[in-house]
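Since the structure comes first, as structure tokens, the remarks are kept for the end.
Numbering (my numbering), first residue to last: 47 to 450.
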């Protein structure tokens, strides 16, 4: 009973903290910030390694690898730098002007909580989780010369999940989970052009499998369905009003592998496919036109990493990720994006046999981006923006895990 109360208490605290504004670290407005352990290896192998309970966020089937209950919780600090060194703005009326912007990103903390509970005497394992997959927060100064394209853009989602895994035999396990996804959107463009503040919930699910070739080699595959979320609130665009917006969230497929080649060293990798083509536009049933067109393409990332098992108390890890941007013909200053390169490193310290402290650090380098955007909030009166963007981020994660 004490273990159950402990997990519920942490779950409640984590649930409240997850409502903090969040910065995108991956392409699009995806957040790769589910654990400090994963952060330290660029999330390479995260759908199968199962070195702590955070594996729920990637593959429920991997919970079958746990022999005892485990709780894991922590947070990741994200500091994002977004600069617009050069921009040419053509307003609705008048001549083009040169402008720029600096530090339109920001910083935030993304917490997480996970609990895994094998049911003794059975082949079942249950889990609970609270974490985020998506979020972005871009804010231009009020005096930015292009109010249609600047302003504030804050999109966020939080997953509250319940999962189950079943071991079919010594090699194969299957898993599935339900996600209550809380989403919110706050969008503001100057001069009364656009003002949105809305939030809501939707139901998603995930399925996965884990296959163990032997004690040192295994692979995992997972699929996560994310719905179109209807957020209710206040919407005002060019004098039109509505009471909701529709936020389409993309599905994700992930394949991971883990191979302990030597007692001291393991190689791991992941390939993730994100259906960003589902994020085609932000719309509202009460408006004559869409709030914003995106028309992104499917994208994803590939990552590879290694873990060095120094001794029973220390583990070192590192990883690299190449993250592909989903932006295609349409680009947006409100969600500036480009292909990104992750360089990651991390360490685990086991002060006792049952407890682990993890630290992970990543530096994310975005390739220089080009923006070519036209916006027509008032029908028949387009404004145009051409700009270059520079994006980078530093992320630091800390996590604690305990085996009961």
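Note that the Cβ used here is the ideal one computed from N, Cα and C, for glycine as well.
> Would residue 394 pass as a contact of residue 441 if the rule is Cβ separation under 8 Å?
Replying inline: no
> Is residue 210 helix, strand or coil when you go by DSSP?
Replying inline: strand
> Do the CB positions of residue 184 and residue 337 come within less than 8 Å of each other?
Replying inline: no
> Near residue 88, which residues of its chain fall below 7 Å by C-beta distance, leaving aside the five closest residues on each side in sequence?
Replying inline: 349, 351, 365, 366, 367, 388, 390 and 408
>> Please identify the residue among 302, 205 and 303 whose C-alpha is closest to the C-alpha of residue 272.
In response: 205
>> Excluding the 5 residues flanking residue 406 on each side, which residues of the same chain have their C-beta closer than 6 Å to its C-beta?
In response: 82, 85, 86, 392 and 443
> Would DSSP call residue 343 helix, strand or coil?
Replying inline: coil
> Pairing CB atoms from the stretch 283-296 with CB atoms from the stretch 226-241, are three or more of them under 8 Å?
Replying inline: yes
> Can you give the beta carbon distance from residue 294 to residue 325, rounded, assuming they're within the 8 Å contact cut?
Replying inline: 5 Å
> With DSSP run on the structure shown, which of helix, strand or coil describes residue 419?
Replying inline: strand
> If we count Cβ pairs, one from each stretch, closer than 8 Å, do we get three or more for the stretch 220-240 versus the stretch 161-169?
Replying inline: no
>> Can you tell me where the alpha helix (DSSP H) holding residue 84 begins and where it ends?
In response: 82-85
> Under the rule that 16 or more other beta-carbon atoms within 10 Å means buried, what is residue 356, buried or exposed?
Replying inline: exposed
>> Which residue wins for smallest C-alpha separation from residue 135, given the options 421, 180 and 448?
In response: 421
>> Quick check on residue 101: does DSSP put it in helix, strand or coil?
In response: helix
> Between which two residues does the beta strand (DSSP E) containing residue 270 stretch?
Replying inline: 263-271
> Closer than 8 Å, CB to CB, is residue 159 near chain B or not?
Replying inline: This model lacks chain B altogether; it includes just one protein chain.
> What is the rounded straight-line gap between the Cα of residue 148 and the Cα of residue 128?
Replying inline: 7 Å
> Which whole runs of the beta strand (DSSP E) in the stretch 346-389 are 3 residues long or more, in chain order?
Replying inline: 360-370
>> So, at 6 Å on beta carbons, what are the nonlocal neighbours of residue 430 in its own chain, with the 5 sequence-adjacent residues on each side left out?
In response: 136 and 420
> Which stretch, first to last residue, makes up the beta strand (DSSP E) that contains residue 235?
Replying inline: 218-235
> For residue 258, which option in 214, 270 and 292 has the closest C-alpha, if you only look at C-alpha atoms?
Replying inline: 214
>> Which residue marks the beginning of the beta strand (DSSP E) containing residue 179, and which one marks its end?
In response: 170-185
> Using CA coordinates, which residue listed in 208, 110 and 195 is at the minimum distance from residue 133?
Replying inline: 195
>> Are the CB atoms of residue 98 and residue 447 within a distance shorter than 8 Å?
In response: yes
>> Can you look up residue 153 in the DSSP assignment and give me helix, strand or coil?
In response: strand
>> Quick check: the Cα distance between residue 200 and residue 104, rounded to an integer number of angstroms?
In response: 24 Å
> Are the stretch 113-121 and the stretch 155-162 touching, with three or more C-beta to C-beta distances below 8 Å?
Replying inline: yes
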